[in-house]
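What follows is a single structure, written as C-alpha cells, with notes after it.
2 protein chains.
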Amino acid sequence: MKFEFYNPTRLIFGAGTLSRLGEAAREHGRKALLVTGGGSVKRTGVFDRAVTSLEKAGVSVVECAGIEPNPRITSVRRGADMARREGCDLVVALGGGSTMDAAKVIAAAVFYEGDPWDMIGHGQENWVLPTRALPIITVPTLAATGSEMNCGAVISNDEVKVKSFVKADCLFPRVALADPELTLTVPRDQTAYGVCDIITHVTEGYFNGVDGTPIQDRFAEGVILTAMEYGRRAVADGGDLEARTQVQWASIVALNGWVQAGVDAVHPVHMIEHALSAHHDVPHGAGLAVVNPAWMRFAAKARPQRFAQFARRVFGLQADGRGDLELAMEGIDRFEAFLRSIGCPTRLSELGIGDELIPRYAEDAALVLRDEHGNLLGRPPMSKADIEAVLRSAL
Amino acid sequence: MKFEFYNPTRLIFGAGTLSRLGEAAREHGRKALLVTGGGSVKRTGVFDRAVTSLEKAGVSVVECAGIEPNPRITSVRRGADMARREGCDLVVALGGGSTMDAAKVIAAAVFYEGDPWDMIGHGQENWVLPTRALPIITVPTLAATGSEMNCGAVISNDEVKVKSFVKADCLFPRVALADPELTLTVPRDQTAYGVCDIITHVTEGYFNGVDGTPIQDRFAEGVILTAMEYGRRAVADGGDLEARTQVQWASIVALNGWVQAGVDAVHPVHMIEHALSAHHDVPHGAGLAVVNPAWMRFAAKARPQRFAQFARRVFGLQADGRGDLELAMEGIDRFEAFLRSIGCPTRLSELGIGDELIPRYAEDAALVLRDEHGNLLGRPPMSKADIEAVLRSAL
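Order-wise, the sequence lines are chains B and U.
Residue numbers for the first sequence follow the numbering used here, so the first one is 24 and each next one is one higher.
Residue numbers for the second sequence follow the numbering used here, so the first one is 24 and each next one is one higher.
Now the structure itself:
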C-alpha cells in the first residue's frame with residue numbers, strides 16, 4: 024500500500040441540520056448561487072427552508088434551477104454565466120448527485136475562460152483540471168452518489184453523447200450538510216437505485232483494487248451489509264428515519280475516500296454505465312444494477328477467490344465442498360436477487376435498451392480509463408469484446 | 024446519529040515515503056523545529072535522512088531533541104521557547120506518539136503568552152483551547168497512538184502528577200507522512216504495546232459510543248481483526264514489512280476519526296490509564312493492556328449484548344446455548360489471551376504498580392471527562408468505587 028489521502032470537507036450530519044445551512048454558508052461567502060434540480064425541493068418546502076436559513080444568516084441567494092438528471096455541460100455553462108453576472112462568491116448545491124456535480128463544475132467554471140467541457144475528461148489531448156473554484160457547500164436530498172463529500176463530478180455532453188468525470192482538490196466542498204430528513208420523500212424506485220449506487224461505489228474498489236488491503240476490505244463489507252439492511256427498510260417504508268439515516272451515512276462513506284484509501288481503485292462498472300446513460304436517459308443507479316452483476320460474473324472467472332470472499336463475508340455463504348468459483352457465483356446470484364428484491368432492474372431490456380449500440384457503448388466505456396492497449400482499466404482489464412459480451416449477457 | 028466530522032490532514036502513506044518529507048514541508052515553511060525523542064531516530068539514521076530531505080528542499084532545521092515518553096509540559100515550554108527564539112515557521116515531529124503530541128502543543132504554545140499547561144484540560148476553570156498553531160508535520164516512527172492524523176495531544180505534568188489532553192482544530196497536522204519502513208526497528212515489546220493501543224482506541228468507541236452506528240461497528244471490528252492478525256506477525260518478525268504496513272495503517276484509522284464518526288465516544292479506559300502513567304512511567308500501551316480487559320469485565324455486566332457481538336464478530340464465537348453475558352466473558356478472555364500472547368502485561372503487578380495509590384488514580388481518572396455527579400463518563404458511567412474495583416481486579 025502506497026497512497027495519498029486528503030479530504031478537507033467538513034461534514035455536518037444528522038436529522039434537522041438543514042437549519043444550520045445559513046450559519047455554515049456565512050463562513051464562506053455572502054452571495055450564494057443556489058443550484059437546484061427539477062422542482063422536488065420546491066414541492067417539499069426544503070427550498071424555502073434553505074433560503075430562509077441562508078438569508079437569516081446574511082447570505083443572499085441567486086437561484087440556478089433546472090439541473091437535469093445526468094447533468095449537462097450546457098447547464099454548467101448557464102450556471103457559471105449566472106454566477107459571474109450576479110457576482111456570487113459561493114455555490115450551494117441543494118439536490119441529488121446531478122445537482123451537486125453540476126454545482127461543483129459551475130464553481131470551477133466561474134474562473135475558467137474556456138469551455139467548461141475542457142475540464143471533463145473525454146479523451147481530449149489537454150485535459151484542463153481546475154485549480155480554483157468558488158467555495159462549495161453541498162446539501163444532498165438523495166442518498167446515492169456520495170458527491171457531497173468528495174472532489175469528483177460527472178457531467179454529460181448531449182451533443183457528443185459522452186458522459187464523463189472530473190476530479191480535483193478545489194472541488195472538495197467546504198461543507199457537506201447531510202440531513203437525512205430531506206431524503207424521507209424520495210420515491211421508492213429512486214431510493215432503491217441509490218442503494219445500488221452506494222453498493223457499487225464500494226464493490227468497484229473491492230473487486231478492482233490492489234491486493235493487500237485487509238482493513239479496506241472490512242470497511243467495504245461493512246458499508247455493503249449496512250446499505251443492504253437499511254436500504255431494504257428504506258425501500259419498504261420511506262418514512263423510516265433510522266433507515267434513511269443509515270443509508271445516507273452509507274452513501275457518504277461509500278465514496279468519500281475512506282473505503283478506497285490505499286486501494287487504488289478503478290471503476291469499470293461505472294465507466295460502462297456512463298456509456299449507457301450518455302445515450303439513454305436512464306437513472307445512473309438503475310444502469311448500475313444491470314451492469315454490476317453482469318460484470319461480476321465476467322470478473323469472477325479471473326479472480327474467483329476474491330468473489331468467494333464476498334460471498335462468504337457479505338452473504339454468509341459456506342463453501343460446503345464447492346470451489347471458489349461456484350461459491351462466487353452464488354454470491355453474485357444473491358446480490359442480484361437483493362437488487363431485484365428492492366425493485367432494481369437487472370436487464371437492459373427493463374431500461375428500454377437494445378443491442379443496437381453495444382459496440383458504441385464498448386467504445387465509449389474505455390474512453391478515459393484505459394491501458395496502453397486501449398482496454399478499460401479493471402481487474403481484469405476489458406477489451407471491447409469483453410465489454411460487449413458483458414452487455415449482451417445482460418440483454 | 025448527529026455529528027460533525029472534519030479532518031483536513033493530508034496523509035502520505037507507504038514504504039519509502041520519508042524521502043518526500045522535504046517536498047511536503049516546503050509547502051508550509053522554511054525553518055522547521057524538528058522535534059525528536061530519545062535518540063533511536065539518530066541510531067537508525069532516520070534523523071539524518073529526514074534532515075537531508077528537509078535541507079535539500081530548502082527547509083532549514085532547528086533540533087528540539089529529548090522529548091520523553093509520556094511527554095512533559097516542561098518539554099513543551101522548552102520547545103516553544105526554542106521555536107520562538109529561532110524564528111521557526113513550521114514544526115516537524117519525528118518519533119512516536121509522545122514526540123508528536125509534544126510537537127503539536129509546542130506549535131500552539133508558540134502563539135500563547137501564558138503557560139502552555141493552560142491548554143491541557145486538568146479540571147481548571149478556564150481551559151484555554153488553542154486556536155492558532157504553527158503548521159505541523161508528523162512523521163511517526165511507531166504504530167500506536169494515531170496522533171499523526173488527528174488533532175489531539177496528551178501531555179503530562181510531573182509537578183502535579185496529572186496526564187491529560189487537548190483537542191483543537193489548529194492541531195491537525197498539515198501533512199502526516201507515514202513510512203512503515205521507519206517502524207521496522209521498533210522492539211518487540213513496544214510493537215505489542217502499540218497493537219494494544221490501536222485496539223483500545225477502537226474498543227473505547229465500540230463499547231462507549233451511542234447506539235445505532237452499524238457502519239462504525241463494522242469499521243471498528245475490521246480494525247481490530249486486522250491489528251490482531253498483522254500485529255501478531257509484526258511481533259513475531261519485526262522485519263515483516265507487510266505486517267508493519269498493515270499495523271501502521273490500522274494505527275492511523277483507529278484514531279483519525281473515521282471509526283469514531285457519529286459514535287460520540289468517550290474514553291474511560293484511557294482516562295484510567297492516564298491516571299496510572301501520570302504516577303508511574305509505564306508505557307501507555309502496556310497500561311492499557313492491564314486496564315482494558317478489567318474494564319471490559321465490569322462494563323459487560325451492564326451491556327452483555329454489545330460484548331457478545333464483540334465475541335461473535337471478532338473471535339467468531341458461537342453462543343451454543345449460552346446467554347450473552349457468558350459469551351461476552353469468553354470474548355474478553357480471548358482478547359486478554361491475545362494480549363498476553365503478544366507479550367503485553369495484563370496485571371498491575373507486572374507494571375510494578377501496587378494498591379497504595381488506587382484511590383488517587385480513581386480521583387484523577389474522572390478529572391476531566393465526568394458527569395454532573397463526578398462519575399467518569401462511559402457506558403456505564405463509573406463512580407470512584409467502580410474505578411477502584413476495576414483496578415483492584417487487575418492487581
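Virtual Cβ for every residue (Gly too), placed ideally from N, Cα, C.
Which two residues bound the contiguous alpha helix (DSSP H) that contains residue i?
| i | result |
| --- | --- |
| S274/U | 264-276 |
| V133/U | Segment: none, V133/U is in no alpha helix (DSSP H) and carries neither H nor E. |
| V12/U | Outside the displayed range of chain U (24 to 418) lies residue 12/U, so it cannot be described from this structure. |
| T206/B | First-last for T206/B: undefined, no H or E at that position. |
| V314/B | 307-325 |
| H302/U | 291-302 |
| S364/B | 347-364 |
| E385/U | Going by the sequence as given, residue 385/U is Ala instead of Glu. Here the alpha helix (DSSP H) through A385/U covers 381-388. |
Where does residue i land, buried or exposed, given buried means 16+ other C-beta within 10 angstroms?
| i | result |
| --- | --- |
| K65/U | exposed |
| R108/U | exposed |
| Q147/U | exposed |
| S372/B | exposed |
| K186/B | buried |
| Q271/U | buried |
| G81/U | exposed |
| K190/B | exposed |
| R155/U | exposed |
| D138/U | exposed |
| D304/B | exposed |
| H396/U | exposed |
| S170/U | buried |
| A201/U | buried |
| A298/B | buried |
| Q328/B | exposed |
| E78/B | exposed |
| G68/U | exposed |
| D240/U | buried |
| G39/U | exposed |
| N315/U | buried |
| R33/B | buried |
For residue i, which of helix, strand or coil comes out of DSSP?
| i | result |
| --- | --- |
| K25/U | coil |
| N398/U | coil |
| L56/B | strand |
| T161/B | strand |
| R282/U | For clarity, residue 282/U is Val in the given sequence; the question names Arg instead. In the structure shown, V282/U sits in coil (DSSP, three-state: anything other than H, G, I, E or B). |
| V115/U | strand |
| L374/U | helix |
| V151/U | coil |
| L418/U | coil |
| K407/B | helix |
| L34/U | strand |
| R393/B | strand |
| K190/B | strand |
| F242/U | helix |
| P368/U | coil |
| I143/U | coil |
| T40/B | helix |
| L248/B | helix |
| F195/U | coil |
| A156/B | coil |
| G261/U | coil |
Along the chain, where does the beta strand (DSSP E) containing residue i start, and where does it finish?
| i | result |
| --- | --- |
| G175/U | 175-180 |
| K184/B | Unbroken run through K184/B: none, as it is neither H nor E. |
So, residue i versus residue j, is the Cβ gap smaller than 9 Å?
| i | j | result |
| --- | --- | --- |
| I178/B | V99/B | yes |
| R261/U | T208/U | Per the sequence presented here, residue 261/U reads as Gly, with Arg not at that position. It is a contact, given that the beta carbons lie within the stated cut-off. |
| N30/B | C174/B | yes |
| I221/U | A166/U | yes |
| L392/B | P291/B | yes |
| R211/U | G61/U | no |
| L205/B | T268/B | no |
| W140/U | N180/U | yes |
| P196/U | I238/U | no |
field: Complete runs of the beta strand (DSSP E) confined to the stretch 42-98 of chain B [at least 3 residues]
entry: 54-59, 83-87
message: Restricting to runs no shorter than 4 residues, where is the alpha helix (DSSP H) found entirely within the stretch 208-232 of chain U?
response: 211-231
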